[in-house]
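In this note's numbering, the protein residues as written are 11 to 105. Every residue, glycine too, gets a C-beta built ideally from N, C-alpha and C. Below is one structure, written out as structure tokens, with a few remarks after it.
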Amino acid sequence: MKKKRRNNPYSVLGILVIFILLLGYVWQHNTIARLGYSVGDEEEKKKNLLTTYRELNLKVITLKSPYRIKQALLRQHLPLEVPGERDVMIIKEAR
């Protein structure tokens, strides 16, 4: 004789709980992987920004260089000299 299998409500509930736990595990694993890729992308952006910062900082230092400014003025035929004592006038402030 064949036995009739009854669907025990506890076995259905157990299978449902296992399914929910597995679904949670897969969701958690995918979230961790996605965040890992996101962190890697942000680190790459940081590296590129630091490189750009260093390049721009070097350019600013170069542009502020007194030697470079003097050379640029000489190229434009603007001879600048340090003022002597006769070239400086002290003006008293009126109150």
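Taking 8 Å as the upper bound for CB-CB distance, Thr72 and Arg78 are in contact here, some 6 Å apart. Annotation for Ile25: the continuous alpha helix (DSSP H) segment containing it runs Pro19 to Lys74. Collapsing the DSSP output to three states places Ala82 in a helix.
The three-state secondary structure of Glu95, taken from DSSP, is helix.
Inter-residue distance for Tyr47 and Leu68 is about 32 Å (C-alpha atoms, whole angstroms).
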